[in-house]
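Protein chains in written order, with my numbering: chain A, 1 to 293; chain B, 294 to 727. Cβ coordinates follow ideal geometry from the N, Cα and C atoms, glycine included.
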Amino acid sequence: MHFGPHLLLAALEGLVTSAVLALTALGLSLVFGVMRVVNVAHGEFFMLGAVLAWAISTAISGHPALGFLTALVLAPLIVGLIALVAERLVLRRLNYNPEATIVATIGMLYIIQQLALTFYGPEARPVEPPFSHRILLPWFGYSGYKLSIIAASALLLLATWFVLTRTKIGLVMRATQYDSETAQAFGIPVDRVYAGVFALGAMLAAVAAVLIVPISQAHYLMGQDPLLLSFIVVIIGGLGSLRGTVVAAVLIGLSDGIISVFFSPTLAKIIATMLVAMVLVFRPHGLFGTASR
Amino acid sequence: MTDKNGFFDLSKTGLTRRTALKGLAAGAGLAVAPGFVRYSQAQSSAPIKIGFQSHRTGIGAAYGRWYERTTAAAVKAINEAGGINGRPVEVIIEDDGTDPGRGAEVVGKFATQHKTDIVFGTLFSHVVIGSAPAAGEAKMPYFVVSEGHHVASTKLNRYVFQPGITDVKSQIQAMAPWIAANAGKKVTQIFPDFAFGYDHRDYLPPALKAQGAEVIAQIAIPPTESSFTKYFPQIPAETEVIYHVMVGPAVLTFVKELGEFYGSNRPQLFGFIDSLEATDINSPGLEFLDGSHFWEGSPRYAQPSDSAAQKAYRAAVGIDDNGAAVGDPKDVSTAAHMFGCWETLYVVKKAMEDAGYKGPEDRAKLVEATEALTEFAEGPEHPQGPKTFNGKIHQCFGIQNISKVEGGRLNVVHKTKIEDGLYEPEGDYTSQAL
């Protein structure tokens with residue numbers, strides 16, 4: 001294949017990765033930014049989203065788009081609810097202590113993963129895409145659905161940005177992130193904000209998973225890669241920075257796509273990890289992060 | 294007998310009459326517990342215990358599920374016919390997570406905890422390679438159903454056998470003439486980046502070269518990969534045949550993305566059914582496979598030429614004419630591989646009977662009796678077809694099926710002969726000490 005189309009394919013693949021990664025990493029970043037909780041179970045919320053998408057879309061007969069759209073709405077809501085319960089039952093009781101919550105979320109990771117294995121089983125199950133139009137380029141064919149993931153993700157990111165910067169809820173979240181004690185003194189129910197943010201973080205991961213599941217199937221171990229990549233993105237972009245997370249996701253996604261198409265996927269992972277090390281050495285707060293107070 | 298410290302004074306050590314009575318009762322309970330009397334009485338009536346190392350979770354889960362069903366069906370048939378040496382067969386299943394490290398632990402558990410007579414049933418080659426040393430160390434006969442060339446390479450040890458399924462080197466050698474003559478001369482290979490894939494990487498190029506064809510590119514993909522489009526640009530444009538073999542949970546994605554990439558304007562495709570094992574070939578997005586060819590160990594779809602034994606085997610395992618579970622058309626089997634469990638158990642039965650096997654102390658005799666086997670006739674015990682067995686390399690040889698996707702099913706269009714897959718032995722296990 002010639003260089004031009006080769007690069008185009010690499011960029012497309014990279015953008016799909018970026019789109020999903022941006023949503024997942026944003027959830028992780030939000031939870032850390034506001035609550036200072038490193039949520040190791042984030043990847044499992046991603047997996048839950050995919051597994052629920054399978055369950056919902058198989059339960060609904062008729063056109064595949066119907067089942068998929070229902071899953072796109074319902075699966076994140078259910079995952080958000082589960083996250084809310086987990087936050088109430090576990091994180092709040094630990095007073096959001098940074099060390100204790102890491103251990104607690106590792107525990108949650110295993111509990112969710114094993115529950116999925118018990119009730120969903122070890123198989124990888126496909127979810128039918130809402131439409132399967134194949135876009136025919138002169139050099140190769142490409143899935144139309146994959147392109148729609150990029151658009152859907154961009155819309156969701158815009159919506160999140162709007163909520164965070166233009167609404168009262170966002171204002172309250174930002175105030176809590178800036179200084180939770182002062183926020184509390186000003187009458188902001190910090191406790192409820194924490195619960196909401198944790199649920200929102202999980203929902204972003206779940207939405208990303210529902211978007212990706214028609215091209216990669218639901219499997220109980222699928223949460224591991226997104227977790228790792230999300231951490232990489234969040235560290236490079238700067239913990240708690242929305243802009244940094246999106247920029248870093250596009251950077252990592254594109255470089256992953258291009259390097260793995262032209263060279264090898266393993267090299268792409270090596271370079272991403274190197275980048276994390278470099279950022280940690282030279283800009284410990286990430287590209288767009290601010291020093292903690 | 295009472296010293297100053299009261300060491301011999303029973304009242305001070307807390308051993309009261311009540312605890313003594315409890316201890317007696319517990320001891321009596323243990324003696325009448327199920328199994329206790331039977332084992333202590335007579336070895337001959339105790340069941341033969343087969344430790345089944347199953348891929349119940351991890352990337353091999355679909356195979357594990359069907360290997361368990363096939364094994365259960367075979368054991369039921371063997372027990373109904375009187376068991377082995379008059380003793381019933383009992384299968385003990387341990388999940389290895391399709392992980393080599395865990396696999397070795399499972400073999401150890403079978404040897405020391407369950408004290409099974411043999412270990413059986415492993416498919417994934419990296420698990421076999423990881424577990425084989427543990428089996429050799431425990432002197433535990435280890436009967437795998439793996440398809441890899443590792444057993445026949447004689448690089449494992451004397452306790453490892455593969456008598457129920459042919460190995461990749463033999464399969465490739467038998468099919469290469471057909472590929473070169475019917476599919477094309479310029480071949481690009483796509484294979485999983487671990488032991489099983491390396492067998493394909495290493496043995497296809499020489500086998501094709503002997504037929505005047507050549508491998509022009511080799512693309513290795515990690516078995517845990519979930520997205521494949523990025524690998525396809527490496528396929529050279531002059532490729533006439535894509536030879537694909539993939540494993541793992543994402544096989545459906547692999548084939549779908551191949552279809553998206555090429556559409557109907559594709560090179561010839563020759564695949565190992567592994568790329569679609571446990572997956573419905575009529576899944577949406579797989580239409581482009583129509584007219585392509587697959588290797589199958591045993592055909593997934595019922596064929597007009599099926600023998601009575603093949604029909605009986607399919608009914609016993611519970612698969613319908615489309616190779617899916619009876620009553621659940623979505624639960625597609627791993628028909629191309631799982632027959633190996635059935636056949637291997639009958640080989641174990643034959644070898645144990647030849648050896649007059651009584652218990653774990655006869656394991657060495659069992660190894661020698663297995664090595665003495667030479668052929669297995671086609672029939673209810675070997676429904677896939679006739680086989681020969683080479684005791685020096687612990688590997689069987691049999692026929693291969695090449696099937697074409699036509700009208701939403703796989704029809705066998707070519708069957709190789711046993712001789713097509715024979716090669717010079719690379720070593721001799723029988724020269725190793727037992």
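- Across the segment 446 to 466 of chain B, no CB contact with chain A closer than 8 angstroms is found for any residue.
- Counting of Cβ neighbours within 10 angstroms places Y435 of chain B among the buried residues, the total reaching 16 or more.
- Straight-line spacing of the CA atoms in R395 of chain B and I106 of chain A works out to 21 angstroms.
- For K523 of chain B, the closest Cβ of chain A is nearer than 7 angstroms.
- Fully enclosed alpha helix (DSSP H) runs of no fewer than 4 residues occupy 461 to 475 of the segment 429 to 501 of chain B, in order along the chain.
- Interface annotation for the segment 122 to 139 of chain A against chain B: P122, E123, A124, P126, E128, S132, R134 and L136, criterion Cβ-Cβ distance under 8 angstroms.
- Taking the CA atoms as reference points, L242 of chain A sits about 14 angstroms from A19 of chain A.
- Pairwise C-beta distances place the segment 359 to 368 of chain B in contact with the segment 608 to 617 of chain B, as three or more of them are shorter than 8 angstroms.
- Non-local C-beta neighbours of D492 of chain B in its own chain, meaning closer than 6 angstroms and more than five positions away in sequence, comprise G441, H442 and V461, ordered along the chain.
- Cβ-Cβ distances below 6 angstroms link A116 of chain A to V51 and Y220 in the same chain, with the five nearest sequence neighbours on each side left out; the list follows chain order.
- For H707 of chain B, the enclosing beta strand (DSSP E) covers residues R702 to K708.
- For V207 of chain A, not one C-beta of chain B is nearer than 7 angstroms to its own C-beta.
- Residue state for A510 of chain B is assigned as strand, using DSSP reduced to three classes.
- For S57 of chain A against F68 of chain A, the beta-carbon gap comes to about 6 angstroms, under 8 angstroms, which counts as contact.
- At least 7 angstroms separates the CB of L267 of chain A from every CB of chain B.
- What V261 of chain A touches in chain B, judged by beta-carbon distance under 7 angstroms, is K523 and P526, going in chain order.
- Within chain B, no C-beta atom comes nearer than 9 angstroms to that of I271 of chain A; the closest sits roughly 15 angstroms away.
- In the structure shown, the three-state DSSP call for H219 of chain A is coil.
- The continuous alpha helix (DSSP H) containing Q114 of chain A extends over residues P98 to F119.
- Residue-level contact check: Q184 of chain A does not touch chain B, since none of the beta carbons of chain B fall below 7 angstroms from its beta carbon.
- Note on geometry: alpha-carbon atoms of L136 of chain A and Y142 of chain A lie some 6 angstroms from one another.
- About 17 angstroms separates the Cβ atoms of A595 of chain B and E671 of chain B, ruling out a contact at the 8 angstroms cut-off.
- Minimum Cα-Cα distance from P718 of chain B among the listed residues B:E430, B:S463 and B:I692 corresponds to B:S463.
- Cβ-Cβ distances below 8 angstroms link E646 of chain B to I377 and N378 in the same chain, with the five nearest sequence neighbours on each side left out; the list follows chain order.
- Secondary structure of H6 of chain A (DSSP, three-state): helix.
- In the DSSP secondary-structure assignment, I385 of chain B is bridged to B:G344.
- By the rule that beta-carbons nearer than 7 angstroms mark a contact, E553 of chain B touches chain A.
- Across the structure, I102 of chain A and H42 of chain A are spaced so that their CA atoms are roughly 11 angstroms apart.
- Fully enclosed beta strand (DSSP E) runs of no fewer than 3 residues occupy 534 to 537 and 561 to 565 of the segment 517 to 568 of chain B, in order along the chain.
- Judged by their CB atoms, D495 of chain B and I514 of chain B are not nearer to each other than the 7 angstroms cut-off.
- A355 of chain B and W54 of chain A have their alpha carbons spaced roughly 17 angstroms apart.
- With a beta-carbon spacing of about 4 angstroms, L254 of chain A and G14 of chain A fall inside the 8 angstroms limit used to define contacts.
- A contact between stretches requires three or more CB pairs, one per stretch, nearer than 8 angstroms, and the segment 206 to 218 of chain A meets this requirement with the segment 541 to 550 of chain B.
- The alpha-carbon of S519 of chain B is positioned some 42 angstroms away from that of A644 of chain B.
- DSSP places A617 of chain B in the strand class (E or B) of the three-state scheme.
- Looking at the backbone, the Cα of T415 of chain B and that of R380 of chain B are separated by about 24 angstroms.
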